[in-house]
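First comes the structure, then the notes that go with it.
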Amino acid sequence: MVGKKEEWVEKHRPQKFEEVAGNDKAIDQLQEWGEKWKNEIPKYRAVSLVGPPGIGKTTSAYILAKEHKWNIIEMNASDKRTKDIINKIAGSASKSGTISQGSKGRRLVIIDEADNLHGSSDRGGKKAITKVIKESSQPIVLIANDEYGMSKGMRSNSKKIEFKRPNQKEVIRLLNKIAKKEKIKAYKNALREIARNANGDVRGAINDLQSIAEEIRAEGKEKIRKSDISLGSRDQEENIWKILNYIFRKNDFETLKQVKRDLDSDITPEDLLHWVDDNVPKKYSGNELEKVYEPLSKAAMYLGQVSLSGNYSLWSYASELMVYGVAVNKPYKSAPRYTGPKIFGKLSKARSKLKKENPISTKLSERYFISNKSSSELIPYLKLIFENDPERASAIASEIDLKKDEVQYLGGNEEIYESAKEKRKPKKEKNGEDANEKDEKMDKGSGSEKEKEDNSESQSSLGDF
1 MVGKKEEWVE KHRPQKFEEV AGNDKAIDQL QEWGEKWKNE IPKYRAVSLV
51 GPPGIGKTTS AYILAKEHKW NIIEMNASDK RTKDIINKIA GSASKSGTIS
101 QGSKGRRLVI IDEADNLHGS SDRGGKKAIT KVIKESSQPI VLIANDEYGM
151 SKGMRSNSKK IEFKRPNQKE VIRLLNKIAK KEKIKAYKNA LREIARNANG
201 DVRGAINDLQ SIAEEIRAEG KEKIRKSDIS LGSRDQEENI WKILNYIFRK
251 NDFETLKQVK RDLDSDITPE DLLHWVDDNV PKKYSGNELE KVYEPLSKAA
301 MYLGQVSLSG NYSLWSYASE LMVYGVAVNK PYKSAPRYTG PKIFGKLSKA
351 RSKLKKENPI STKLSERYFI SNKSSSELIP YLKLIFENDP ERASAIASEI
401 DLKKDEVQYL GGNEEIYESA KEKRKPKKEK NGEDANEKDE KMDKGSGSEK
451 EKEDNSESQS SLGDF
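This is the structure:
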């Protein structure tokens, strides 16, 4: 069976401060604050690590705990963070232990996405966190993308440490280091393009490098070129985030009019509907959610009419409903942490799957004289064979001339590929005649003998499903 792939972001996560890309000043401030906990409770019992996603805030908090041998108690957005739960987990953890116990009695409380507390699942959470900070005898780290998404109480009771996007050179240096560890060759301009496209998002850059590396390996290429990199997708996503920020946080009519104008050049109404639909439940609940979904459902109806009639003037009405309908119902000072629509991920995976399966389906169609639809339906069964029956898998791979990456996609290993390659070699007869020479003699020989040979060759290793 093929194991679950390891994410490079986790595999190459920095273990020391000097391994974090950029942000030397922020790291110095964090270390200085950590040192103060050795002998006393400092003025600020909490720090807030503020800055864009993917630049090392959470990683730095973990390294701090590791260097001081502190245990970690973490709460993130996937946890319910109501007043009672925060008091039970963070509150309890922040009060136990004493200075006299030293590192053994110390634990670091990490509250990730502290700017993302909203809705019924986090009711009373902001006030509870402020209270925990004030009463804490343990260090607390708040992590946020948006400083002003945190409550005033959290901001005033924590020391702000600002993390910034590392420059392109720092990201390239990191990518080069990871590429060497993964034995991936890449041209300098290719790594530069990945770094440029990531715009300081280290996590995004590493994910892009892994994705591209896996793609070129599957295609049998030896080195990442600039042409292998998809341009502009991250820039477009940045623009979408800005648009969503205005939709969720503003109710000024002139600003929203400009947002609507920007939509025409940055994103189609269909795509915006997916983005808004996936992110609205993070900010609204109950009656508010119902009010927001009313204009969204009307927008969806307009978009449906566009598909049926081809009348693209209706796009404008759909955009207005999405922009104004969401914004006017309840203006918030903070916005949710946006995530891309799940459907985009599913479509991307589907495209990637088709790209890998289509060549295999074509080979099956040509070899066994079946339709493309029928051959594509055989893929799941082939995977079972390649994962569980190496001998039969090798025979099939030989018959339809599968490449190494195609064997691997079906769940096979290098042994199956090499065995299939060996089967494809012309077989030498004892008297030195190869298969082609034998065929020529058989053509001149008896029909019955040749008929037997043809029948033998026509038997498929695929068998019956």
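Here the sequence shown stands for residues 1 to 465, where the numbers follow the UniProt record's numbering. For each residue, glycine too, the CB sits at the ideal point set by N, CA and C.
Coil, strand or helix - residue i by DSSP
i, result
"Met-301", "helix"
"Lys-164", "coil"
"Lys-438", "Because the pLDDT at Lys-438 is just 44, under 50, the model does not fix this residue reliably, and the value given afterwards should be weighed accordingly. Looking at Lys-438 - three-state DSSP - the assignment turns out to be helix."
"Lys-346", "With a pLDDT of 46 at Lys-346, under the threshold of 50, the modelled position of that residue is not reliable, and the figure given next carries that caveat. In this structure, Lys-346 counts as helix in the three-state DSSP scheme."
"Thr-59", "helix"
"Glu-19", "helix"
"Arg-13", "coil"
"Ile-41", "coil"
"Ile-99", "Annotation note: pLDDT 39 at Ile-99 (below 50); position unreliable, coordinate value reported separately. If DSSP states are grouped into helix, strand and coil, Ile-99 belongs with the helices."
"Trp-8", "helix"
"Ile-229", "coil"
"Lys-403", "coil"
"Lys-53", "Lys is not the amino acid found at residue 53; the sequence shown has Pro there. Residue state, collapsed to three classes: coil."
"Phe-369", "coil"
"Tyr-409", "helix"
"Tyr-284", "coil"
"Asn-199", "coil"
"Asn-358", "helix"
"Ser-334", "Low local confidence applies: a pLDDT of 48 at Ser-334 is under 50, so the model's placement there is unreliable, with the coordinate-based value given in what follows. If DSSP states are grouped into helix, strand and coil, Ser-334 belongs with coil."
"Asn-311", "coil"
"Ser-374", "helix"
"Ser-316", "helix"
Selected residue, minimal CA-CA separation from residue i, among the options
i, options, result
"Ser-398", "Asn-388, Leu-364, Ser-374, Leu-378", "Leu-364"
"Ser-137", "Arg-155, Ile-41, Ala-213, Gly-220", "Ile-41"
"Ala-190", "Leu-209, Ala-21, Ile-178, Trp-37", "Leu-209"
"Leu-272", "Ala-299, Glu-288, Leu-289", "Ala-299"
"Glu-10", "Val-306, Ile-178, Pro-269", "Ile-178"
"Gly-56", "Ala-21, Lys-403, His-68", "Ala-21"
"residue 509", "Asn-39, Asp-84, Gln-168", "This structure gives no information on residue 509, because the portion of the chain shown stretches from 1 to 465."
"Glu-35", "Lys-16, Leu-49, Glu-67", "Glu-67"
"Tyr-293", "Arg-165, Ser-60, His-274, Ala-395", "His-274"
Element boundaries [beta strand (DSSP E), containing residue i]
i, result
"Val-202", "Per DSSP, Val-202 belongs to no beta strand (DSSP E); it is in the alpha helix (DSSP H), 202-218."
"Ser-48", "46-50"
"Val-141", "140-144"
Which residues DSSP lists as bridging residue i, in chain order
i, result
"Asn-71", "Arg-107"
"Ala-186", "Ile-224"
"Ser-158", "Ala-46"
Start and end residues, alpha helix (DSSP H) containing residue i
i, result
"Val-132", "125-135"
"Leu-30", "24-36"
"Arg-424", "414-424"
"Ser-394", "390-399"
"Asp-278", "269-279"
"Asp-112", "Taken as a continuous stretch (DSSP letters only), Asp-112 belongs to no alpha helix (DSSP H), as it is neither H nor E."
"Lys-83", "83-86"
Cβ distance (whole Å) where residue i is taken to contact residue j below 8 Å
i, j, result
"Lys-185", "Lys-223", "4 Å"
"Tyr-409", "Lys-356", "5 Å"
"Ile-86", "Gly-125", "6 Å"
"Leu-303", "Val-276", "With 8 Å as the limit, Leu-303 and Val-276 do not qualify as a contact, their Cβ atoms being about 12 Å apart."
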